[in-house]
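A short write-up of the structure that comes next.
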Amino acid sequence: MLSLVDDSLHASFFRVFTYTILVCTILFIFVFRRPSHPPKAPKLLSYYENLPILGAVRFFTARLEFFRDGIRSSASGNFSFWLGQHFVIGLSGDESRHVFFQNSTMGIAEGYAVLFGGGPRVKNSKGSDVAQEPGFLKYFRDRITHLLRREYLSKNITCFIHDIQARLDELPSETGMIDPFVSIYETVFQLTMRMVGSAEIANDVPRLRKTLRLFETIEQSTTPTSIIFPWMPTIAFIKRTIAGGRLYYLFKSIMDNRKRTGRREDDALQFVINFSKLMIDLLQTDLLFSQFIVGAVFAGQLNTGINACFMLTYIGSSRYWYDRVRAEIDGVVDKYAPDCSMPLTQRFEAIPIEAWELEFPLLECCLKDSIRLQLLGTMYRRNIDIGDVKIGNEIIPSGAFVVSIIAMLRFCHSADLTQAYHISDVHQDPEVYSEPLKWDPSRYFPARAEDKKKPFCWIGWGAGRHPCLGTRFAKLEQFLIVAIFLTRFDYETCDDKGVSYSEVPPPDLNAHAATKPTAPIRLKYRLRRDA
């Protein structure tokens with residue numbers, strides 16, 4: 035009898051175990067199965083580049099080499115791969131670039147929302163992203179375009195100048211050494227918060243720094259796992275969620291205080307509150323406001339903060355350009371405020387916004403080449419049309435993601451296969467830019483105009499159907515920071531030991547976005563005596 039019972043229990047256990055394995059296998063196949071490769075899509079990379087479940091791991095670990103090998107493996111230069119369950123097409127070449135930037139079905143928000151994953155996200159009561167709600171993208175564009183009009187920028191210039199001067203006043207003495215990727219980066223964050231955020235935070239430096247740490251936590255929490263398995267509760271996911279929640283409640287507390295006290299500020303947060311009735315039936319307004327503000331600040335900080343720092347470091351590494359940039363700045367200051375006995379702050383306040391936009395051509399060239407060298411990573415789109423998009427003899431299927439790398443080196447071999455030269459798909463193409471890894475503002479002078487040799491060969495402010503909405507503000511804040519710093523200090527670029535750099539260390543072309551340098555870069559300064 036006991037033997038029969040044991041046999042029955044063993045049989046039952048075996049059936050339960052078998053059914054469990056079968057159900058898990060079916061669920062696994064259902065969850066992680068991939069559709070077949072569309073026959074007219076660009077060539078699919080090999081099995082070893084498209085691992086089961088994970089997909090193309092090298093897209094995250096060695097992006098530069100991954101794109102180089104992908105382009106080399108395809109006759110057209112375009113190729114396909116998987117990132118988890120996402121079907122992705124990598125593009126290269128002039129024709130592909132034209133489709134990427136000009137085709138109206140290439141959705142930029144839809145591409146970045148899934149594959150970039152670096153921006154803060156505010157969730158609604160249903161657990162979905164507020165930024166993905168119908169109508170939010172138009173709402174964001176309309177409001178940010180209105181906020182960044184010339185009259186609003188002009189109104190804030192005095193505050194910007196005082197912010198910059200106050201941060202420079204914090205430097206310990208008349209001589210010293212600073213890490214621009216800390217002090218200048220924080221200054222950019224303060225100007226950005228003042229322009230598209232909250233006055234309460236912009237006016238409170240300790241609170242400002244805490245807020246910046248939250249944004250940096252979110253930025254650093256983007257991992258391959260968070261893109262391939264966005265639902266997985268990893269440590270990075272938890273940190274991101276906590277930081278996002280703290281940002282939401284930070285801005286909500288400010289809004290609640292204004293509503294409770296009746297206090298109003300002349301800032302971006304007040305602007306979106308004043309226009310709340312236009313969206314009240316579409317979204318919960320507090321969530322909407324928070325997503326707008328954190329999205330605007332994040333968009334304005336990442337690239338601009340890095341570019342402002344690198345612009346100063348590039349100028350400080352070349353005495354030739356240093357002297358010419360300073361002469362241009364001094365000339366404009368003397369033109370609008372010739373009285374040298376006036377405080378420096380008042381002299382800069384006398385410069386109208388039209389002059390900041392039109393009378394600094396050399397600063398413009400310096401900024402453009404800094405952006406060319408430091409705008410790293412990948413651009414993202416998604417085909418949001420119900421049909422396919424043709425690109426030569428190939429297609430981009432409906433729903434497919436599309437990526438194009440900005441600074442990508444691939445090897446093209448000569449006929450005897452003994453020599454190789456570097457070619458970039460966008461910003462370091464030697465057929466467009468002479469000595470492409472060299473910082474050289476003169477490449478944009480009218481006599482050379484290297485950035486005009488091909489369509490979309492300089493894309494620092496966006497391109498085609500997706501120009502950067504914050505270009506005017508980004509230029510203004512960077513010009514202000516560089517001009518005030520150069521007017522106030524003599525300085526040079528050096529390492530953390532004070533040894534001068536004749537050239538800034540090269541960028542990491544495998545970086546996924548604009549990033550702080552891995553090599554130590556400092557600015558060695560002393561108070562300017564002839565200012």
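The opening position of the sequence shown corresponds to residue 35 in our numbering, with each subsequent residue numbered one higher. Beta carbons: idealized from backbone N, C-alpha and C, even for Gly.
{"Asked": "Within 8 Å, do at least three Cβ pairs link the stretch 398-418 to the stretch 223-238?", "Found": "no"}
{"Asked": "Counting pairs of Cβ atoms below 8 Å between the stretch 388-400 and the stretch 111-123, do you hit three or more?", "Found": "no"}
{"Asked": "So, at 6 Å on beta carbons, what are the nonlocal neighbours of residue 288 in its own chain, with the 5 sequence-adjacent residues on each side left out?", "Found": "232 and 234"}
{"Asked": "For the beta strand (DSSP E) that residue 120 lies in, which residues bound it at each end?", "Found": "120-124"}
{"Asked": "Alpha carbons only, please: which of 82, 91, 70 and 557 is nearest the one belonging to residue 345?", "Found": "557"}
{"Asked": "Can you tell me which of the three DSSP states residue 302 falls into?", "Found": "helix"}
{"Asked": "Using the Cβ count rule (16 or more neighbours within 10 Å means buried), how would you classify residue 516?", "Found": "buried"}
{"Asked": "From residue 99 to residue 200, what distance separates their C-alpha atoms?", "Found": "44 Å"}
{"Asked": "Taking the CB atoms as reference points, tell me whether residue 136 and residue 498 lie closer together than 7 Å.", "Found": "yes"}
{"Asked": "Residues in its own chain within less than 8 Å of residue 84 by CB, not counting five upstream and five downstream?", "Found": "78, 90, 115 and 116"}
{"Asked": "Grouping DSSP H, G and I as helix and E and B as strand, with all else coil, what is residue 563?", "Found": "coil"}
{"Asked": "Determine the burial state of residue 337: buried for a count of at least 16 other Cβ atoms within 10 Å of its Cβ, exposed for fewer.", "Found": "buried"}
{"Asked": "From residue 445 to residue 544, what does the alpha carbon distance come to, in whole angstroms?", "Found": "Interpretation of residue 445 is limited by its pLDDT of 43, a score under 50 that renders its predicted location unreliable; no figure is taken from the coordinates."}
{"Asked": "Taking DSSP as the reference, what is the three-state secondary structure of residue 556?", "Found": "strand"}
{"Asked": "For residue 534, which residues does DSSP report across the bridge?", "Found": "528"}
{"Asked": "Let me know the secondary structure DSSP gives residue 479 once reduced to three states.", "Found": "coil"}
{"Asked": "Ignore the nearest five residues each way along the sequence and tell me which others in residue 450's own chain have a CB closer than 8 Å to its CB.", "Found": "With a pLDDT of 32 at residue 450, under the threshold of 50, the modelled position of this residue cannot be trusted, and the question is left open."}
{"Asked": "Helix, strand or coil: how does DSSP classify residue 104 here?", "Found": "helix"}
{"Asked": "According to DSSP, which residues form a beta bridge with residue 500?", "Found": "497"}
{"Asked": "Around the Cβ of residue 269, are there at least 16 other Cβ atoms within 10 angstroms (buried) or fewer (exposed)?", "Found": "exposed"}
{"Asked": "Determine whether the beta carbon atoms of residue 367 and residue 381 lie at a separation below 7 Å.", "Found": "yes"}
{"Asked": "In this structure, does DSSP put residue 376 in helix, strand or coil?", "Found": "coil"}
{"Asked": "Take the Cβ of residue 348 as the centre, count every other Cβ of all protein chains shown within 10 Å, and call the residue buried at 16 or more, exposed below.", "Found": "buried"}
{"Asked": "Residues bridged to residue 209 by DSSP?", "Found": "560"}
{"Asked": "Start and end of the alpha helix (DSSP H) containing residue 139?", "Found": "No alpha helix (DSSP H) contains residue 139, which DSSP labels as neither H nor E."}
{"Asked": "Can you tell me where the beta strand (DSSP E) with residue 116 in it begins and where it stops?", "Found": "113-117"}
{"Asked": "For a quick check, are the C-beta atoms of residue 361 and residue 370 less than 7 Å apart?", "Found": "no"}
{"Asked": "For residue 190, report the span of its beta strand (DSSP E) as first-last.", "Found": "Run containing residue 190: none in the beta strand (DSSP E); it sits in the alpha helix (DSSP H), 184-203."}
{"Asked": "On the three-state DSSP scale, how would you describe residue 173?", "Found": "helix"}
{"Asked": "Output the distance between the C-alpha atoms of residue 426 and residue 128, rounded to the nearest integer angstrom.", "Found": "11 Å"}
{"Asked": "Could you give the residue range of the alpha helix (DSSP H) that holds residue 385?", "Found": "It is not in any alpha helix (DSSP H) - residue 385 carries neither H nor E in the DSSP assignment."}
{"Asked": "Apart from the five residues just before and just after residue 195, which ones in its own chain have a Cβ nearer than 8 Å to its Cβ?", "Found": "379, 382, 383, 514 and 518"}
{"Asked": "Helix, strand or coil: which one does DSSP assign to residue 249?", "Found": "helix"}
{"Asked": "Does the beta-carbon distance from residue 324 to residue 271 come in below 7 Å?", "Found": "no"}
{"Asked": "Between the C-alpha atoms of residue 469 and residue 184, what's the straight-line distance to the nearest angstrom?", "Found": "36 Å"}
{"Asked": "From which residue to which residue does the alpha helix (DSSP H) around residue 472 run?", "Found": "Note, residue 472: premise wrong, no alpha helix (DSSP H); not H, not E."}
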